[in-house]
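Numbering (our numbering), first residue to last: 315 to 627.
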């Protein structure tokens with residue numbers, strides 16, 4: 315019996331696109347707060363660039379994790395980690411996935427070219443550096459011969475790509491560079507995305523070890539990774555408080571982003587602390603952590619929106 319072709323949404327792992335939209339919106343809002351100007355076409359192009367690069371990243375990760383064996387030996391795949399499993403079920407779709415990844419990069423490139431002529435010339439070198447690095451990471455985060463995730467650099471580049479790089483490229487899209495407001499929130503969204511990766515590593519530990527993917531969990535064990543996850547979330551909380559109270563004018567509304575940490579984080583970390591080496595139990599923690607990530611992203615951007623309104627009155 316012929317298998318049903320998976321949906322495009324599944325092939326691009328669309329639910330994970332929230333990880334790039336959050337910093338792009340936040341970077342835009344913080345730039346508008348700082349400068350008082352909003353360029354709607356620039357914002358649209360930034361969303362196109364970010365979407366294209368993230369789709370390429372998701373699809374390339376699926377392709378190379380499958381080809382290099384990591385996904386094949388993963389018996390704990392779930393909706394939060396372990397890839398889509400598309401190529402495991404239907405390996406003949408590999409040409410389709412390559413087409414999606416490459417087309418996404420082309421679309422992102424075209425949008426980058428157009429946006430170049432809409433921002434100040436002095437921002438061009440930094441803007442294009444960010445695009446080139448992002449395009450490189452989209453493939454070589456997992457692809458040979460670089461394979462950053464397989465060499466112990468995955469955590470650094472996930473944080474960097476979904477935090478400083480995404481926030482800054484969105485700010486550049488609004489003609490603003492290294493402003494203190496931008497610097498004050500630059501790490502937040504990347505740390506939130508990193509927390510998802512860390513729990514995924516706990517769940518996928520056996521598969522990562524057998525596939526040669528040397529993340530923190532493989533290198534240092536599950537207990538260490540659980541406490542590292544705790545520290546990452548603690549840094550987010552402290553960063554929010556400092557940015558809201560000490561740096562951003564009328565920035566107190568971004569304290570709303572602490573709500574999921576008050577309501578959901580204690581439950582998630584309790585599971586991680588007690589079951590850090592039990593993948594099936596950790597799936598519950600992964601679900602709670604994704605909720606933390608989504609609500610943090612929502613309330614953080616709502617808070618920035620309220621701050622923008624207060625500063626415009």
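Just so you know, even glycine gets a beta-carbon here, dropped at the ideal spot from N, CA and C.
Keep in mind the model is a prediction, meaning the values are calculated, not measured.
Near residue i, what residues of its chain come up, given a Cβ to Cβ distance below 7 Å and the 5 sequence neighbours on each side ignored?
i: residue 474; result: 504
i: residue 542; result: 512 and 530
i: residue 578; result: 602, 605 and 606
i: residue 407; result: 400 and 401
i: residue 292; result: As shown, the chain starts at 315 and ends at 627. That puts residue 292 outside it, with no answer to give.
Within its chain, find whatever has a CB closer than 8 Å to the CB of residue i; leave out the 5 residues flanking it on each side and keep chain order.
i: residue 353; result: 432, 487, 488 and 489
i: residue 528; result: 464, 465, 466 and 522
i: residue 554; result: 502, 568, 569, 571, 572 and 614
Does DSSP put residue i in a helix, a strand or coil?
i: residue 625; result: helix
i: residue 324; result: helix
i: residue 468; result: helix
i: residue 615; result: helix
i: residue 620; result: helix
i: residue 315; result: Reliability fails at residue 315, whose pLDDT of 42 lies under 50, so the model's placement of it is uncertain and the value that follows must be treated cautiously. If DSSP states are grouped into helix, strand and coil, residue 315 belongs with coil.
i: residue 501; result: coil
i: residue 278; result: Limits of the chain in this structure are 315 at one end and 627 at the other, which puts residue 278 out of reach.
i: residue 399; result: coil
i: residue 353; result: coil
i: residue 359; result: helix
i: residue 490; result: coil
i: residue 477; result: helix
i: residue 404; result: coil
i: residue 364; result: helix
i: residue 535; result: coil
i: residue 526; result: coil
Which residues in the same chain as residue i place their Cβ atom closer than 6 Å to its Cβ, once the five residues preceding and following it in sequence are excluded?
i: residue 336; result: 503 and 611
i: residue 623; result: none
i: residue 526; result: 464
i: residue 425; result: 359, 362 and 363
i: residue 506; result: 607 and 610
i: residue 320; result: 400
i: residue 333; result: 476 and 507
i: residue 349; result: 490
Give me the Cβ distance between residue i and residue j, rounded to the nearest whole Å; I'm assuming they're in contact under 8 Å.
i: residue 496; j: residue 363; result: At roughly 18 Å, the Cβ-Cβ gap does not stay under 8 Å, so residue 496 and residue 363 are not in contact.
* **Contained alpha helix (DSSP H) runs [length at least 4] in the stretch 415-460, N- to C-terminal order** => 438-454
* Between the stretch 480-487 and the stretch 452-470, do at least 3 Cβ pairs fall closer than 8 Å? -> no
* Asked: Counting Cβ pairs, one atom from each stretch, are 3 or more of them under 8 Å apart for the stretch 512-523 and the stretch 532-542?
  -> yes
* **Uninterrupted alpha helix (DSSP H) stretches inside the stretch 541-624 (no shorter than 4 residues)** => 573-577 and 579-589
* Do the stretch 362-378 and the stretch 400-418 meet, that is, are 3 or more Cβ pairs less than 8 Å apart? -> yes
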